[in-house]
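Chains as they are written, first to last, in the working numbering: chain A, 671 to 997; chain B, 327 to 574.
Written out as structure tokens, the structure is:
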């Protein structure tokens, strides 16, 4: 119970820090912080698909693209962001559902290549269908959400708008992973054959893992549309999918707070290291490699390891303990 | 007359040129504890997997309480009241014992939407606590299942198979790798559950002492076919079985 209280206190402190962080900062810093929140949402989605449900996907950037382009096209046509975004999420959910079908037949590396090919396919469609997507020139001039009394035209209000969307998305994800669905996703990751034998429809839960994860990618894309107000296919290539994968792995796959930490490292660390000038990307790459070698379970895993080191307790494996006793 | 809980008719399974199961038929009635024995390669596990929908047989039919379930998916079969345990350890290692047990029952409660928007425990906490206590795992309730000993994980596996209140449970080598103390405990729990709930068991096992003391009837397989059937005493004194399996 105490652990739960501490956890909520920590969340409240982090939230307060997220509210205070952009105050008094220049526009660029506010932009970087907003990017962190946007990518945290995309990573949250991939964390559900990969971290909780164990289905590898290298296509999260393509769902950001679908979300971004659907939102952009609709808002350019005069639709409000708040109406365009749910439609973009729906589109991503449906496409994610379809992408989940190969996962019913192929696993592991083969599934990774299927999703990689899908990301490339989306990229090519966006680049070649100029009549709709603007091709390599992309789309620009998308309006930011106007919420009446609260307008998001300036960087700081848009940051707070993004923060509010992130909190809502995180609460929804918390609800999912704590529900029996969350338990089913973890069961799919750990032992799909056993899960099926316990009545779990693993086909349905696999498709849902892809669809929900993709919808989160779409939400991140819808926010990118308003953040940058310019989108082009190169912003959603395979490299970006790998970057989101890195966020999930660095933060700790299958951990609720992992995506926030991971996206923080991937988005914010290069900025923090800029004082090293030309060396910052080298230092960043070395830090990531060292971390993955010594903490393959991610940053969250380091915390768990420290907890075990300082608060270790006796083993429960003894076969002759109460569980083995006879009447 | 009520239909058998499980009815297997002329099951045939081939892997290329090898006939792993050759026209096996048997019935299992309510409350029975049927043992299925035979040496390695006799087709026991293949037959099990055909019954449980993990393998598609080349011929034959399987019925549960009179309903044809041939080719049915394992999840649908489970919803019809068929539980199972696995030969290899088959818990969810990074989930607590409590979550393992809840998972085993949650798909039998409510709808997809109620499992998303309803209580995280699917209203199963009391049932799960009862099942954990029945297998005397209460002190391990919040431990990760993967951190338990082999025998304890076998108990969790069995508890999961019972959680949804099945009418029949198929146990695949429950005694394999389990120490004698734990084995006695497992047998005690199975016998008690059978007596209290009238649940039917089919047990594949190599441990003859375990099978003979647990089962009410035994079927012996060799090279994919049934070579003997009877009570433990009849099997003990069956010359074919003695010659082929018990080293008599």
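No residue lacks a Cβ here, since even glycine has one placed at the ideal position from N, Cα and C. Given the structure is predicted, the values throughout are model-derived calculations rather than measurements.
Using DSSP bridges, identify the partner residues of residue i.
i                      : result
residue 454 of chain B : Paired residues: none, contrary to the question.
residue 353 of chain B : B/333
residue 411 of chain B : B/497
residue 556 of chain B : B/544
residue 821 of chain A : A/816
residue 394 of chain B : B/389
residue 347 of chain B : B/339
residue 900 of chain A : A/810
residue 883 of chain A : The partner list for residue 883 of chain A (beta bridge, DSSP) is empty, contrary to what the question assumes.
residue 551 of chain B : B/548
residue 359 of chain B : B/527
Verify whether the separation of the beta carbon atoms of residue i and residue j is less than 8 Å.
i                       : j                      : result
residue 793 of chain A  : residue 891 of chain A : no
residue 716 of chain A  : residue 883 of chain A : yes
residue 940 of chain A  : residue 441 of chain B : no
residue 774 of chain A  : residue 876 of chain A : yes
residue 372 of chain B  : residue 346 of chain B : yes
residue 495 of chain B  : residue 435 of chain B : no
residue 492 of chain B  : residue 525 of chain B : yes
residue 923 of chain A  : residue 720 of chain A : yes
residue 275 of chain B  : residue 870 of chain A : Here chain B covers residues 327 to 574 and nothing more, so residue 275 of chain B does not appear.
residue 868 of chain A  : residue 430 of chain B : yes
residue 330 of chain B  : residue 350 of chain B : no
residue 859 of chain A  : residue 724 of chain A : yes
residue 796 of chain A  : residue 735 of chain A : yes
residue 528 of chain B  : residue 332 of chain B : yes
residue 807 of chain A  : residue 947 of chain A : no
residue 707 of chain A  : residue 832 of chain A : yes
residue 1012 of chain A : residue 912 of chain A : Given a span of 671 to 997 for chain A in the structure shown, any question on residue 1012 of chain A remains unanswerable.
residue 861 of chain A  : residue 416 of chain B : yes
Tell me which same chain residues have a C-beta within less than 8 Å of the C-beta of residue i, skipping the five on either side of it?
i                      : result
residue 908 of chain A : 728, 731, 786, 789, 790 and 793
residue 412 of chain B : 483 and 498
residue 397 of chain B : 379 and 382
residue 992 of chain A : Unreliable positioning characterises residue 992 of chain A in this predicted model, as indicated by a pLDDT of 47, which lies under 50. The coordinate reading is nonetheless provided below. Excluding positions up to five away in sequence, the list is empty.
residue 776 of chain A : 784
residue 461 of chain B : 481, 482, 484, 485 and 515
residue 368 of chain B : 547, 548, 549 and 550
Here's a check: name, in chain order, each residue in its chain whose Cβ is nearer than 7 Å to the Cβ of residue i, leaving out the five neighbours to either side.
i                      : result
residue 990 of chain A : Caution applies to residue 990 of chain A, whose pLDDT of 44 falls short of 50 and renders its modelled position unreliable; the value that the coordinates give is listed next. For residue 990 of chain A, where only same-chain residues beyond five positions count, there are no Cβ hits under 7 Å.
residue 856 of chain A : 722
residue 766 of chain A : 733, 880, 881, 883, 884 and 885
residue 929 of chain A : 710, 713, 714, 717, 917, 918 and 921
residue 873 of chain A : 774
residue 427 of chain B : 454, 457, 458, 485, 486 and 489
residue 829 of chain A : 692, 700, 703 and 704
residue 554 of chain B : 546, 561, 564, 566 and 567
residue 394 of chain B : 387
residue 399 of chain B : 379
Buried or exposed: which applies to residue i, given that a residue is buried once 16 or more other Cβ atoms fall within 10 Å of its Cβ?
i                      : result
residue 801 of chain A : exposed
residue 996 of chain A : Legend: pLDDT at residue 996 of chain A = 39, less than 50; position of this residue unreliable, no value from coordinates given.
residue 423 of chain B : buried
residue 917 of chain A : buried
residue 336 of chain B : exposed
residue 478 of chain B : buried
residue 680 of chain A : exposed
residue 751 of chain A : buried
residue 944 of chain A : exposed
residue 896 of chain A : buried
residue 988 of chain A : Caution applies to residue 988 of chain A, whose pLDDT of 47 falls short of 50 and renders its modelled position unreliable; the value that the coordinates give is listed next. The residue is exposed, with fewer than 16 neighbouring Cβ atoms inside 10 Å.
residue 853 of chain A : buried
residue 339 of chain B : buried
residue 675 of chain A : exposed
residue 421 of chain B : buried
residue 365 of chain B : exposed
residue 464 of chain B : exposed
residue 910 of chain A : buried
Identify, in the order they occur along the chain, each residue of the same chain with its Cβ nearer than 6 Å to the Cβ of residue i, setting aside the five sequence neighbours on each side.
i                      : result
residue 375 of chain B : 381
residue 935 of chain A : 920
residue 958 of chain A : none
residue 744 of chain A : 754
residue 467 of chain B : 423, 424 and 458
Would you list, in sequence order, the uninterrupted beta strand (DSSP E) runs of no fewer than 3 residues that lie entirely inside the segment 464–540 of chain B? 494–498 and 526–530
Length-filtered (3 minimum) beta strand (DSSP E) runs lying within the segment 732–785 of chain A: none
Report the residue ranges of all alpha helix (DSSP H) runs contained in full by the segment 943–975 of chain A; include only those spanning at least 4 residues, in chain order. 950–964
Quick one: complete beta strand (DSSP E) runs, 3+ long, within the segment 398–443 of chain B? 408–411
Which runs of the alpha helix (DSSP H) spanning at least 4 residues fall entirely within the segment 676–722 of chain A, listed in chain order? 697–716
Of all the alpha helix (DSSP H) runs that stay within the bounds of the segment 916–944 of chain A, which reach a length of 4 or more residues? 928–933 and 939–942
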